[in-house]
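*Asks:* Chains as they are written, first to last, in the working numbering: chain P, 252 to 576; chain R, 25 to 331.
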Amino acid sequence: MSDFISANAPKFGSVLSVIFAFFAVLAVLFAIAGRANGKKARPIALTIFLGPALLLLLAGLVIPGVRTILFSFMNPDSNAFIGLDNYRWMLEDPNIKVIMINTILWILVVPLFTAALALLLAIMLDRTKRESIPKSLLFMPMAISFVGASIIFKFVYEYREPNEIQIGLLSSIVDFLGFTPSDWMLTKPLNSFLLMVIYVWTQMGFGMVILSAAIKGVPADIMEASALDGAKGWGLFRNITFPMVKGTFIVVLATGVVGALKIFDIVRTMTGGNFGTNVLANEMYSQTFVQFDQGKGSALAIVLFLLVTPVLVYNIRSLKKERSH
Amino acid sequence: MAKAAVAEHSSGRKLFSSKIAGIVVWVTTIAWTVPTLGLFVTSLKTDEKILNEAWWVTLFKPDFTFDNYKNVFFGNGTESLSTGILPYFINSIVITLPATIFPIVIATMAAYALAWIRFRGSDFLFFSIFALQIVPLQMSLVPLLLLFTGGAHIGTVQIFPALGIAGDFAGIWLPHTMFALPLAIYLLHNFIASLPRDLMEAAHVDGASHFTVFRRIVLPLSIPGIAAIAIFQFLWVWNDLLIALTFASGTEEVAPINSKLSSLVGQYGSGYTQLSAGAFITIAVPLIVFFSLQRYFVRGLLAGSVK
C-alpha cells in the first residue's frame, strides 16, 4: 500500500498543481486585463478570450493538417519529395482495394442501419408507456468505449471447437437453431458485418434519443387531426411523422457516415485489421506507427479527409441556412 | 384548464399506443442489455468455469467470485499483468481531469468572445472554427507528434522549440485539448449566444468589463451547458484509444486503462478472467457518470444535434 502511494502521489500532485496553475494564470490575467479601459479594452479582452483557442487550433489542427498534406507527397521519413508515389501505391496495392471496399461497406451499411433502427425505436418508444427505462438501457452503450464494447462482443462472438461447450452467445444460438457455429472472426465477409454490429450497438442510442426528441416535437394536434382524417400506421408515418423529423434523421445519418469512416478502435481491438476486415483509419495507423511510413500514412489520412469533407460541408451549409433564417 | 390541456395532449399520444410497440421496445432493450450483462457475469466466474460453462448457465447456479477483480486490479504476478491495472486506472484519471477542464474553459472563453465581443470577421471566424471539425484526428497525429519531439523548423532554422512532452501527461492533455475545441466552441457558442442581450448591455452600461461580465453573468448562466459538454468530453477522453496509443507510450507511467485493455485482448485461457474483469472496471466509470448525470448528457446531445 505504501508502495502504491509513493508511486502515485506524484501523479496526483502534478495534476492538481497543473489545474491550479491553469486557473491561477487565468485569474491573474483577468485581474490585470480587467483594469484596462478606453480604446485598448476591447482588443485586450479579445486577445485573452480568443487567443488561447486560436493558438491551439492553429498549432493542433491547421498547421499539422497542412504538414500532413505535404508529408503525403514525401518518402517514409518525410525528408524528400516523391511526387504522387504514395497515391499511386494506394491505387495499385491489392490490400488497399480490400480496405476501400470495407470502408465503403462501413459507410453504407452502418449509418443506414443505425438510423433506421433508431427511427423505428424512437417511434415505438413514443407509443410505449414506461419509456424511460428502455430508453436509458438502449442509450447506455453510448457511454462505453469502443474498446470496452469490442471486449463485450468478443465474449458474444466467442467460438469453441465443436466438441467443447460453446460459451459465446452467438455460437450457442446458432448451435441451438441446429446450425454449426464457425470461428466468426475468421469467416469472411461475415466478420466485417459482425464488427459493424458492435458500432451499431454503441451508436444506435444516440440516434434514438435525438429522433425521439424530434418526434415529441411534432405537435399533438397535427397527429390528432390526421388521425381523425383516418391516417394511421404506415400512412401516418410516411405523411406526417417522417417529414417532420427528416432533418434530424439526416443528422443521424451524417453522424453515422463520419463515425463509420473514422472507425479504428473496434477493428484494431477485434481483429487488428486481419482476416479481411481492415479499414482506412486502421491502415493509416498501421502504416504510420507500425510500418513507420509517414508518407503512406499521411496519404491515407488525406483520403480519409477527402471522404469526410462532403458530409461535413453539407452540415455546415445547413447550419448556415438555419442561421440566416 | 391547464390540466385539461395536458390530459388532452396525452390522450392524443394514447391514440397510437399499442402492444406491439411495447413488445418491440422491450425485446430490443433486452437484446441490447444482454451483452453487457454477459461480460459482468463472466467477470465473476471462477477460473475453472470461465471456459467450461456459459455465463447464462452460471447465472442460474451462482458460484461467483471477486478474485478476478482483485487479481486484475492489484496484479497476480503473470507477465502481462504483473502490477495489475490500478496504475493505468490512475493514469486515466490523471489524463481525463485536465483534458476535460482545459478545453472546456478555453472553449467557453472563446465562445463568449465570438458571441458577445463585436469585431470584424467574427462570423467568419466562427464558421472557420466550426469547419475545422472536418479535419480528422488522423490528419494531425504525425505532425503534432513531431512538434512535441523535435519542435518546428523552416529549412534548418528552428522556429519552435521541441516541447519534450512526448510520452508525458502534458503530451496527452494538449492533443485532447486541441482536438476538443472546434466542437466545444461551437456548442458553447450556441448556448452563450442565446443568453439575454439586455443583461449584457445593462452590465456594460454599469461599467462592467468583459472579464466581469464573463465571470459574473455568463459563467453562472452557462453552467448547464458547460456541464453537458464537460460530461461528453470526460467520456470522450476516458474512452479514447487513438490519442492514447499515439501520444502515450504504452507504459505503466502514462498509458490509460483503455489502451492497456486493448493490449490485453488476444490472450486466451486464464487471460479471459482478467480481460472480463478489466473491461468491466474500465466501462464502470463511464457507466456511473452516464447513469448519474443522464439528464445533462441528453441535454448536451440535443443541444449539439437538433437545436
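Ideal placement from N, C-alpha and C gives every residue a C-beta, glycine not left out.
#1: Does the Cβ of residue 147/R have 16 or more other Cβ atoms within 10 Å, making it buried, or fewer, making it exposed?
#2: Rounded to whole angstroms, what's the CA-CA distance from residue 270/P to residue 124/R? Just pull it up for me.
#3: Show which residues of chain P have a CB atom less than 9 angstroms away from the CB atom of residue 270/R.
#4: At a CB-CB cut-off below 7 angstroms, which residues of chain P make contact with residue 53/R?
#5: CB residue 255/R to CB residue 210/R, shorter than 7 angstroms?
#6: Does the Cβ of residue 378/P have 16 or more other Cβ atoms within 10 Å, making it buried, or fewer, making it exposed?
#7: Is residue 526/P helix, strand or coil by DSSP?
#8: Please name the residue, chosen from 555/P, 388/P, 461/P and 426/P, that lies closest to residue 355/P on a Cα-to-Cα basis.
#9: Helix, strand or coil for residue 515/P? Go by DSSP, reduced to three states.
#10: Just checking: is the beta-carbon of residue 57/R within a distance shorter than 7 angstroms of some beta-carbon in chain P?
#11: Taking only runs that begin and end inside the segment 361-417 of chain P, name each unbroken beta strand (DSSP E) of 3 or more residues, in chain order.
#12: Given a limit of 8 angstroms on CB to CB distance, which residues of the segment 229-253 of chain R reach chain P?
#13: What is the DSSP secondary structure of residue 332/P, reduced to helix, strand or coil?
#14: On the three-pair Cβ rule with 8 angstroms, is the segment 258-273 of chain R touching the segment 397-411 of chain P?
#15: Can you give the Cα-Cα distance for residue 416/P and residue 405/P, rounded to whole angstroms?
#16: So residue 335/P contacts chain R; which residues on that side make the cut at Cβ distance below 9 angstroms?
#17: Quick check: residue 195/R and residue 271/R, are their CB atoms within less than 7 angstroms of each other?
#18: Is residue 545/P closer than 7 angstroms to residue 327/P when the C-beta atoms are compared?
#19: What are the start and end residues of the alpha helix (DSSP H) that includes residue 79/R?
#20: Taking the alpha helix (DSSP H) that residue 335/R belongs to, which residues open and close that run?
#21: Confirm, please, whether the CB-CB distance from residue 287/P to residue 299/P is below 7 angstroms.
#22: Please classify residue 337/P as buried or exposed, where buried requires at least 16 neighbouring CB atoms within 10 angstroms.
#23: For residue 443/P, does the count of other Cβ atoms within 10 angstroms reach 16, so buried, or fall short, so exposed?
#24: Distance cutoff 7 angstroms, beta carbons only. Does residue 362/P sit that close to anything in chain R?
#25: Distance check for residue 372/P and residue 322/R, CA to CA, integer angstroms please.
#26: What do you get for residue 302/R, buried or exposed, if any count of 16 or more other CB atoms within 10 angstroms of its CB means buried?
#27: Who are residue 325/P's beta bridge partners in DSSP?
#28: If you measure beta-carbon to beta-carbon, which residues of the segment 474-503 of chain P are closer than 7 angstroms to chain R?
#29: Across the segment 422-436 of chain P and the segment 463-483 of chain P, are there enough close Cβ pairs to call them in contact, namely three or more that are closer than 8 angstroms?
#30: Look at the Cβ atom of residue 392/P, then the Cβ atom of residue 452/P, and state whether they are nearer than 7 angstroms.
#31: Taking residue 293/P as the reference, give the member of 250/R, 234/R and 286/R with the closest Cα.
#32: Does the Cβ of residue 26/R have 16 or more other Cβ atoms within 10 Å, making it buried, or fewer, making it exposed?
#33: Can you check whether the CB of residue 369/P is closer than 7 angstroms to the CB of residue 503/P?
#34: Taking the C-alpha atoms as reference points, what is the distance between residue 30/R and residue 251/R?
#35: Please report how far the alpha carbon of residue 381/P lies from the alpha carbon of residue 53/R, in whole angstroms.
#36: Drop a sphere of 10 angstroms on the beta-carbon of residue 440/P, count the other beta-carbons inside from all chains shown, and report buried for 16 or more, exposed for fewer.
*Replies:* Well, looking at it:
#1: exposed
#2: 11 angstroms
#3: 536, 539 and 540
#4: 385, 388 and 389
#5: no
#6: buried
#7: coil
#8: 555/P
#9: coil
#10: yes
#11: none
#12: 233, 234, 235, 236, 238 and 239
#13: strand
#14: yes
#15: 16 angstroms
#16: What residue 335/P touches in chain R: nothing, since even the nearest Cβ is about 18 angstroms away.
#17: yes
#18: yes
#19: 79-84
#20: In the structure as shown, chain R begins at 25 and stops at 331. Residue 335/R is therefore absent and cannot be evaluated.
#21: no
#22: buried
#23: buried
#24: no
#25: 17 angstroms
#26: buried
#27: 332/P
#28: 474, 475, 478, 499 and 502
#29: no
#30: yes
#31: 234/R
#32: Here residue 26/R scores only 42 on pLDDT, less than 50, and its place in the model should not be relied on; the value that follows carries that caveat. By the neighbour-count rule (16 or more Cβ atoms within 10 Å), residue 26/R is not buried but exposed.
#33: yes
#34: Caution applies to residue 30/R, whose pLDDT of 41 falls short of 50 and renders its modelled position unreliable; the value that the coordinates give is listed next. Cα to Cα, the separation comes out at about 31 angstroms.
#35: 13 angstroms
#36: exposed
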